[in-house]
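Here is the structure we will look at, set down as structure tokens.
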Amino acid sequence: MDKAKKFIVSHAPFWHNGNSVNERYYHIMIAALPAVLLGIKQYGIPAVGVVALSVSSAILWELAMNYLTHRPITIADGNAALIGLLFAMAVPATMPWWAVLTGTFICVVIGKHIFGGIGSNAFNPVVLAVAMVMVSWKDLFDFDGALLNYDLDMVMAYPLAAVKHFGVGAIESFSTADLLLGRQSGGIGATFGLGLILGGIYLIIRGFIRWEISVSFLLGVFLTAWIFNLAAPDRFAGPTFHLLTGYTLIGAFFLATEDSSSPVNFIPMLIYGAAGGVLTVLIRNIGAHVDGVVYAILTINLVNPLLDKIRPKAVGKVV
Amino acid sequence: MIRKSFFGFVKPRIEYALLSDQHLNIVEIPDPKSINLLVDGPFNPGEATLLKEGDTVKTGQKLAPSTEKDAYAISPVTGTVTSISSYAGDFGKFYTAVSIDVSDQEEFDDQFETACVETTLPVARNYLTQLPGKLPLNFFNDSEKPINTIVIYGGDNDLLVTTNQYIVKSRTDDLKHGIRILNQISDVDHIIMAIPGEFLQGYGHIGAEVKNVPIEYPAANPFMIMKDTLGRIVPAGRQSEDLGVCFITAEAVAALGSAFQNGQIPVSKLMTVVGKNGDQQLVSARIGTPISHIFDTLGITLSEKDRIILGGPMTGASVWSEDYPVMPDTSALMVQDKEMIPYVSDYPCINCGECIRICPVYIPINMLVRFLEAGHYEEAADQYDLYSCIECGLCSFVCPSKIPIFQFIRLAKYELGRVNSAEEAHG
Ligand code: SF4
Ligand code: SF4
Chain A
1 MDKAKKFIVS HAPFWHNGNS VNERYYHIMI AALPAVLLGI KQYGIPAVGV VALSVSSAIL
61 WELAMNYLTH RPITIADGNA ALIGLLFAMA VPATMPWWAV LTGTFICVVI GKHIFGGIGS
121 NAFNPVVLAV AMVMVSWKDL FDFDGALLNY DLDMVMAYPL AAVKHFGVGA IESFSTADLL
181 LGRQSGGIGA TFGLGLILGG IYLIIRGFIR WEISVSFLLG VFLTAWIFNL AAPDRFAGPT
241 FHLLTGYTLI GAFFLATEDS SSPVNFIPML IYGAAGGVLT VLIRNIGAHV DGVVYAILTI
301 NLVNPLLDKI RPKAVGKVV
Chain B
320 MIRKSFFGFV KPRIEYALLS DQHLNIVEIP DPKSINLLVD GPFNPGEATL LKEGDTVKTG
380 QKLAPSTEKD AYAISPVTGT VTSISSYAGD FGKFYTAVSI DVSDQEEFDD QFETACVETT
440 LPVARNYLTQ LPGKLPLNFF NDSEKPINTI VIYGGDNDLL VTTNQYIVKS RTDDLKHGIR
500 ILNQISDVDH IIMAIPGEFL QGYGHIGAEV KNVPIEYPAA NPFMIMKDTL GRIVPAGRQS
560 EDLGVCFITA EAVAALGSAF QNGQIPVSKL MTVVGKNGDQ QLVSARIGTP ISHIFDTLGI
620 TLSEKDRIIL GGPMTGASVW SEDYPVMPDT SALMVQDKEM IPYVSDYPCI NCGECIRICP
680 VYIPINMLVR FLEAGHYEEA ADQYDLYSCI ECGLCSFVCP SKIPIFQFIR LAKYELGRVN
740 SAEEAHG
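First to last, the protein sequences are chains A and B. Residue 57 in this note's numbering is what sits at position 57 of the first sequence, and the numbering runs on without skipping anything. Just add 319 to the spot in the second sequence (first one is 1) and you have this note's numbering.
Encoded structure:
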């Protein structure tokens, strides 16, 4: 028997279509790159610093957790790097180093690992971290104050703050083209509307995010903003403005679609996305906060497990 | 291997192979020097036996190693029994392995020829359950679960396999005769011939109602044929036989026809052999032929760490030895180069939803795997539809975490089955 060849014995199916977790996360990062690059072009070295620190610290937190929990090393799967990148995209280029480290700590250690690791996190780790940093150090996310020292070739007011405090009249200076091309202040990778849309479409076509969520989220934003705008055009900005400002696009394509904290069944995905969009505009227009995306996403994350119970009955199920 | 398309948001469409002219030439595998037969049930050396080492056997002779069990094999060759031993298969199944040295002079056994003047169920049961393609005669004449419909499927339920399509195309007369005999011995009048794809012409006279089955995987799965072609849904955990529908392969029906027509039990098995680069070749070999002999004849070389699969890529079973014999229900043999073997991992489910999109019976697999991985089989069955699974393997095929979901499902069903039968036994 010694000479007999040894064959690999395993179980069906013997084919795999090549999907992989790494592929998924690396492609999401690639799709986010245009928006990040524009942010770097606008804000220069400080933006490079924030992005680099955020990505590398997220990876190091992940590595630390791997060692602490005696699990296999998972930094190569790209998830930690993606988390770091998304966190950097949401924050202003002037974010101090300790806040970046705290943010990625919350993302990776609290948001991801304490909830049970990849696939088990109830909330999107990045959104959770942004919300916590925002609550703890309010000024860091006051884009007008944070970006005070920048004088780029554009209107340097944070559009959502402008409309909130001064009404629709204050935003006439923003054209749709400006918003699409990133000529607005905001998070490092959150302002380049066109880049985010193209990245999102790429991810949808490739099947790396679930289109149902993005599309219903954007529709939710659009319709709610439209109704508000119809009711009081001088107080509430129109739908296009809401689609292209703040975290709407990064939220619709990169944050609300996070795998583990969002539903996988068709109807729940639509409800989840639409609810996120509606809540976003409600908070912006009549809530206490300037932008509503972060709290809207945390809320829909919270109801996700309930929503995902709405699913087609399995064939043959005996009730 | 089928890869994911660039357009990942559309549900992949995976199709069964359709028989084309390139498959039509069959390679006849010459008889090997020795063959192995696996008979159901373990071999207990103490038990009274009808068969011993040194016995000479003839082609078509019924070999029942144990006087206490009904299980038997039909000797596919003439020769001498060289060994009888026990063999352990998958999932706790045991067999009695009988090896026979093949002699040059072939002689045919005539017991069946004498018996087959009567076309009855007992005669068929006594000789023909191990026909090529396997004839599930145990379902008939069961007063608790009467069978009222027979579905003969003229295709195969796995990708790349064209064995039964070939039978339908080339052995219409045997099939027709087989259908008549099936009708006589089973007393079932409603016989459906299900054929893959659109080729419905030319079967009007076959003696069965002809229906076509879509070619998109897994439409040929018996549960899917029940649902889409017969319009009947098999309740979770049940089999089609519980609803009075029995599935038989076209090959077995053709073999049944030929057996009664010629008074000789057919002993050659038709198989689709899939080579390392995915090319298909139909071959005919005696049942019991070691698969290495088939690979040698076809010039397929195997190296260390390659994989040998009995059956197709989605639902087959891999074996660890190239001495494994061709079984009555081996419809395909596949070899996979070690470079081509996808690995599985213990990476957790990331909740991506790919499996949900592809599962034909809407099982919440993203939830199910969490319970299966933790070994909570009861909850998996009660809340997450474990028993609705029709075992198509598509979920594992697409899972980016490469979780062996399908294996988890089979294991869970097996474990639950063991627990339940133990509970029944102990009241
Ligand atoms: S094997 Fe997977 S995809 Fe196929 S029916 Fe079962 S759970 Fe669904
Ligand atoms: S395909 Fe795999 S990783 Fe994705 S939801 Fe299903 S089991 Fe989880």
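Idealized CB from N, CA, C, for every residue including glycine. As the structure is a computational prediction, the values presented were derived from the model and not from experiment.
| Query | Result |
| --- | --- |
| C-alpha gap between Phe241 of chain A and Thr176 of chain A, whole angstroms | 7 Å |
| Cβ-based burial, Lys6 of chain A [other Cβ within 10 Å; buried from 16] | exposed |
| Neighbour-count burial assignment, Tyr25 of chain A, 16 or more Cβ in a 10 Å radius | buried |
| Val487 of chain B CB to nearest heavy atom of ligand 1 below 7 Å | no |
| heavy atom of ligand 1 below 7 Å from Pro719 of chain B C-beta | no |
| DSSP state of Asn301 of chain A mapped onto helix, strand, coil | helix |
| C-beta atoms of Val717 of chain B and Asn301 of chain A nearer than 8 Å | no |
| Check: Phe690 of chain B C-beta below 7 Å from any heavy atom of ligand 1 | no |
| Pro455 of chain B - DSSP class collapsed to helix/strand/coil | coil |
| For Pro515 of chain B: DSSP bridge partner residues | B:Val532 |
| Range of the contiguous beta strand (DSSP E) that encloses Ser418 of chain B | 413-421 |
| Burial state of Ser404 of chain B (16 or more Cβ within 10 Å) | exposed |
| Nearest neighbour of Leu85 of chain A, chosen from A:His289, A:Trp226, A:Asn285, A:Ala31 [CA to CA] | A:Ala31 |
| Among B:Asn670, B:Phe579, B:Phe727, the one whose alpha carbon lies nearest that of Val442 of chain B | B:Phe579 |
| Distance, Leu713 of chain B Cα to Lys595 of chain B Cα | 21 Å |
| Inside the stretch 579-622 of chain B only - beta strand (DSSP E) runs reaching at least 3 residues | 587-593, 599-605 |
| Run of the beta strand (DSSP E) containing Cys565 of chain B, from where it starts to where it stops | 564-568 |
| CB contact below 8 Å: Asp2 of chain A versus chain B | Residue placement at Asp2 of chain A is poorly supported in this model, since its pLDDT is 43, which falls under 50; the coordinates are not used for a value here. |
| Beta bridge counterpart(s) of His27 of chain A as assigned by DSSP | Paired residue(s): none; His27 of chain A is not in a bridge. |
| Best match in B:Ile345, B:Ser339, B:Val688, B:Ala336 for proximity to Gln600 of chain B [C-alpha to C-alpha] | B:Ile345 |
| Delimiting residues of the beta strand (DSSP E) encompassing Ser637 of chain B | 636-638 |
| Residue interval of the beta strand (DSSP E) (run including Gly398 of chain B) | 398-407 |
| Cβ of Arg71 of chain A within 8 Å of any chain B Cβ | no |
| Chain A contact for Thr634 of chain B (CB, 8 Å cutoff) | yes |
| Chain A contact for Glu334 of chain B (CB, 8 Å cutoff) | no |
| C-beta atoms of Ile498 of chain B and Val602 of chain B nearer than 8 Å | no |
| Complete runs of the beta strand (DSSP E) confined to the stretch 459-505 of chain B [at least 3 residues] | 468-472 |
| Cβ-based contacts, 8 Å cut-off: residues of the stretch 16-33 of chain A near chain B | His16, Asn17, Gly18, Asn19, Ser20, Val21, Glu23, Arg24 |
| Candidates B:Leu735, B:Leu730, B:Gln726, B:Cys711, of which the one nearest Asp701 of chain B by Cα | B:Leu735 |
| Enclosing alpha helix (DSSP H) for Arg284 of chain A [first to last residue] | 266-286 |
| Gly712 of chain B CB to nearest heavy atom of ligand 2 below 7 Å | no |
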